[in-house]
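J.: Reading the sequence shown from the start, the letters are residues -22 to -1, 1 to 228 in mature numbering (1 follows the signal peptide of the UniProt record, and there is no 0).
Every residue, glycine too, gets a C-beta built ideally from N, C-alpha and C.
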Amino acid sequence: MALFLARFTLWVTILLSTMSIAAQPIELVTELSPPNQLVINGQIGGSSTDIVRHVLSKANVDATINMYPWARAFHLAQKKPNTLLYSVAKTPDRLDKFQWLGKVAYFRLGFVTLASRSEINLRQVNDARPYRIAVQRGDISAKFFADRQFSTVQTADIKHSYRLLLSGKVDLVIDDPNYLGAMAKQFNVPAKELRFVRDIEQLSVYGYLAANVDSDPQLVANIKAAFSAIEKAAWYQQKLYNPYQDVLTR
């Protein structure tokens, strides 16, 4: 009888906790960043979104997903409890701004230019100083170049940055070499028109699903447990490290 009561109490506790989480509005915010976050037939999808949806389903969490310019998404996630943000880099200055739930992307960022700009050859990061670089407002690359006093043009999202590059209004954008095909597809141009110039070592980072610091502790615990359950799965590793395969198969 005592064992039955203990199990019943545990079950009721879990049920009430789940009901408490379900009763609170949970918003998931992100930015446009193909192939990790993109819009497919009017729905937000992409490799990182697939990971996030799977994890939330496993954690029995219902959430609405909204896409904003990065600076706005970042602000909302800091301001509103039970707001989740992805894909956000876990940098030292951001550690105490969020609760870090799990990895949803890996970025090896560097300089991208037009294939026709054969004169742009960068042996080191400082060689980019004479050029105009498009960066997304509030992104880690924006801070990286601001700290080093480079000439940058801040944009709302990665698509706007590429639009400036393709129109010749900037010389460089910052992106992962694996994503050039996805971005070329967004603009209906051949991928060969884009050229990855060189890595920026300091901008090779993981992107995380993160939560507002005042989010429900049980919500955070459930999502972390769901990540732990999938971290060795082959499909998870594929989406984390080779998201462009998703684009090829669409």
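Would the region 76 to 88 count as touching the region 149 to 163 if we require 3 or more Cβ pairs under 8 Å?
T.: Segments in contact, yes.
J.: Suppose contacts are defined by Cβ-Cβ distances below 8 Å. Is residue 44 in contact with residue 190 by that definition?
T.: Within the sequence shown, numbered from 1, the residue matching residue 44 stands at position 66. Within the sequence shown, numbered from 1, the residue matching residue 190 stands at position 212. No, these two residues do not count as a Cβ contact at 8 Å.
J.: If we count the other Cβ atoms within 10 Å of its Cβ and call it buried at 16 or more, is residue 80 buried or exposed?
T.: Numbered from 1 along the sequence shown, position 102 holds the residue referred to as residue 80. Looking at its Cβ environment, which holds 16 or more other Cβ atoms inside 10 Å, residue 80 is buried.
J.: For residue 185, is the classification buried or exposed, using 16 other Cβ atoms within 10 angstroms of its Cβ as the cut-off for buried?
T.: Taking the first residue of the sequence shown as 1, we reach residue 185 at position 207. Residue 185 comes out buried.
J.: Under the three-state reduction of DSSP, which class applies to residue 27: helix, strand or coil?
T.: Within the sequence shown, numbered from 1, the residue matching residue 27 stands at position 49. Residue 27 falls in the helix class under three-state DSSP.
J.: Report the residue ranges of all alpha helix (DSSP H) runs contained in full by the region 36 to 79; include only those spanning at least 4 residues, in chain order.
T.: Counting only runs of 4 or more, we get 48 to 57.
J.: Consult DSSP for residue 154 and reduce its assignment to one of helix, strand or coil.
T.: What you label residue 154 is simply residue 176 of the sequence shown in a count that begins at 1. In the structure shown, residue 154 sits in coil (DSSP, three-state: anything other than H, G, I, E or B).
J.: Along the chain, where does the alpha helix (DSSP H) containing residue 120 start, and where does it finish?
T.: Reading the sequence shown from its first residue, position 142 is the one you call residue 120. From DSSP, the alpha helix (DSSP H) with residue 120 extends over 118 to 125.
J.: What separation, rounded to the nearest whole angstrom, lies between the Cα atoms of residue 94 and residue 104?
T.: Counting from one through the sequence shown, the residue named residue 94 turns up at place 116. Counting from one through the sequence shown, the residue named residue 104 turns up at place 126. Each residue's alpha carbon lies about 21 Å from the other.
J.: Touching or not, the region 110 to 121 and the region 129 to 139, by the rule of three or more beta carbon pairs under 8 Å?
T.: Short answer: they touch.
J.: Using 8 Å as the threshold, is the C-beta distance between residue 214 and residue 22 below it?
T.: The residue you call residue 214 lines up with position 236 of the sequence shown. The residue you call residue 22 lines up with position 44 of the sequence shown. Not closer than 8 Å, so no.
J.: Based on the DSSP output, what are the partners of residue 20 in its beta bridges?
T.: For the purposes of this step, residue 20 is taken as the residue at position 42 of the sequence shown. According to DSSP, which records beta bridges pairwise, residue 20 is partnered with nothing at all.
J.: So for residue 209, helix, strand or coil by DSSP?
T.: In the sequence shown, the residue the question calls residue 209 occupies position 231. Note: residue 209 maps to coil in three-state DSSP.
J.: Within its chain, find whatever has a CB closer than 6 Å to the CB of residue 47; leave out the 5 residues flanking it on each side and keep chain order.
T.: In the sequence shown, counting from the first residue as 1, residue 47 sits at position 69. 134 and 135.
J.: Run the CB neighbour count on residue 15, radius 10 Å, all protein chains shown included, and call it buried at 16 or more, exposed below.
T.: As a position in the sequence shown, residue 15 is number 37, starting the count at 1. Residue 15 should be labelled buried.
J.: How would you label residue 73, buried or exposed, when you count the other beta carbons within 10 angstroms and need 16 or more for buried?
T.: Translated into the one-based positions of the sequence shown, residue 73 becomes position 95. Classification for residue 73: exposed.
J.: Using CA coordinates, which residue listed in 156, 37, 178 and 124 is at the minimum distance from residue 172?
T.: On the sequence shown, residue 172 is found 194 positions in, with the first residue counted as 1. The option with the nearest alpha carbon to residue 172 is 156.
J.: Could you check what DSSP says for residue 132 in three-state terms: helix, strand or coil?
T.: By 1-based counting over the sequence shown, the position of residue 132 is 154. Strand, per DSSP.
J.: With respect to the beta strand (DSSP E) encompassing residue 241, which residues constitute its N-terminal and C-terminal limits?
T.: With the chain represented from -22 up to 228, any question about residue 241 goes unanswered, as that position is not in the structure.
J.: Which residues in the same chain as residue 83 place their Cβ atom closer than 6 Å to its Cβ, once the five residues preceding and following it in sequence are excluded?
T.: Working through the sequence shown from its first residue, we reach residue 83 at position 105. Cβ within range, chain order: 14, 26, 65 and 185.
J.: Check for me: the beta strand (DSSP E) holding residue 7 runs from which residue to which?
T.: Looking up residue 7 in the sequence shown gives position 29. Note, residue 7: beta strand (DSSP E), 5 to 8.
J.: On the three-state DSSP scale, how would you describe residue 218?
T.: Counting from one through the sequence shown, the residue named residue 218 turns up at place 240. In the structure shown, residue 218 sits in a helix (DSSP, three-state: H, G or I).
J.: In three-state DSSP terms, what is residue 167?
T.: Position 189 of the sequence shown, counting from 1, holds the residue named residue 167. Residue state, collapsed to three classes: coil.
J.: Would you tell me roughly how many angstroms separate the C-alpha atoms of residue 127 and residue 53, rounded to the nearest one?
T.: Start at 1 with the first residue of the sequence shown, and residue 127 comes out as number 149. Start at 1 with the first residue of the sequence shown, and residue 53 comes out as number 75. Answer to the nearest angstrom: the Cα atoms are 24 Å apart.
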